[in-house]
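With this note's numbering as the guide, the letters of the sequence shown map in order to residues 59 to 219. The next block holds one structure in the form of structure tokens; read it before the comments.
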Amino acid sequence: MEFTGVREKTLVIIKPDAIQRGLFGQITSRFEQKGLKLVGVKMTYLKQEILREHYVHIADKPFYPAVEKFMMSSPAIVQCWEGLDVVNTVRLITGITKAREAEAGSIRGDYAMSVACNVIHASDSIENAEKEVARFFAEGDIHDYDKTDYQHVYAEEERNK
Numbered sequence: 059m060e061f062t063g064v065r066e067k068t069l070v071i072i073k074p075d076a077i078q079r080g081l082f083g084q085i086t087s088r089f090e091q092k093g094l095k096l097v098g099v100k101m102t103y104l105k106q107e108i109l110r111e112h113y114v115h116i117a118d119k120p121f122y123p124a125v126e127k128f129m130m131s132s133p134a135i136v137q138c139w140e141g142l143d144v145v146n147t148v149r150l151i152t153g154i155t156k157a158r159e160a161e162a163g164s165i166r167g168d169y170a171m172s173v174a175c176n177v178i179h180a181s182d183s184i185e186n187a188e189k190e191v192a193r194f195f196a197e198g199d200i201h202d203y204d205k206t207d208y209q210h211v212y213a214e215e216e217r218n219k
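Encoded structure:
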């Protein structure tokens, strides 16, 4: 089923704690079950340069070196998801940053207890999503394909906006 509507993209990082705890499948399945489209994925060790760029808003904070060390402690899985209103949808599924206070049923609410070790990063705005996707994926790393179940995910008027 062809999708002609506006397709937003967002970045998800499945963090080292989730990889070490074997949560990759459970986390990814939340987005798949929602009906979102995975258009890019790779496993990588995050380098200091990309982390400093990604976390520029906290790079001068006293706790930043610990964040960087944690994010470099194990591979991470970087994903690009696509769909209508995907940035907000992914943020809802992810839950709030302070995992102990995240709602049950959200990824952080179900799998995390920490602010730092909170298993997942998700873009917080359309503007940041565009920058973050470009930071972690080269043009050829994002794949455009027909998701045949869209007729059961979105109403026809949503698919054709």
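Don't be surprised by glycine CBs; every beta carbon is placed ideally from N, CA and C.
- Query: What three-state label does DSSP hand Leu96 in the structure shown?
  - Reply: For this step, residue 96 is matched to residue 38 along the sequence shown. Here Leu96 sits in strand by DSSP.
- Task: Put Lys156 into one of helix, strand or coil per three-state DSSP.
- Result: Within the sequence shown, the letter at position 98 stands for residue 156. Note: Lys156 maps to coil in three-state DSSP.
- What do you get for Met129, buried or exposed, if any count of 16 or more other CB atoms within 10 angstroms of its CB means buried? Locating residue 129 in the sequence shown gives position 71, counting from the first residue. Met129 should be labelled buried.
- For Pro123 and Ile77, believed in contact at Cβ under 8 Å, the rounded distance: Here residue 77 refers to the residue found at position 19 of the sequence shown. Here residue 123 refers to the residue found at position 65 of the sequence shown. About 21 Å separates the Cβ atoms of Ile77 and Pro123, ruling out a contact at the 8 Å cut-off.
- Query: Do the segment 97-106 and the segment 155-172 make contact, defined as three or more Cβ pairs closer than 8 Å?
  - Reply: As far as the Cβ criterion goes, the segment 97-106 does not touch the segment 155-172, which means the pair count is below three.
- Coil, strand or helix - Gly163 by DSSP: Position 105 of the sequence shown holds residue 163. If DSSP states are grouped into helix, strand and coil, Gly163 belongs with coil.
- Where do the ends of the alpha helix (DSSP H) carrying Leu109 lie? Counting from one through the sequence shown, the residue named residue 109 turns up at place 51. Note, Leu109: alpha helix (DSSP H), 106-112.
- Can you name, in chain order, every residue of its own chain whose Cβ lies under 6 Å from the Cβ of Glu190, other than the five neighbours on each side? Counting from one through the sequence shown, the residue named residue 190 turns up at place 132. Taken in chain order, the residues that qualify are Leu69, Ser181.
- Item | Contacts around His201, its chain only, beta-carbon distance under 7 Å, and the 5 residues preceding and following it disregarded | By 1-based counting over the sequence shown, the position of residue 201 is 143. Contacts found: Val97, Gly98.
- DSSP state of Lys189 mapped onto helix, strand, coil: Numbered from 1 along the sequence shown, position 131 holds the residue referred to as residue 189. Helix, per DSSP.
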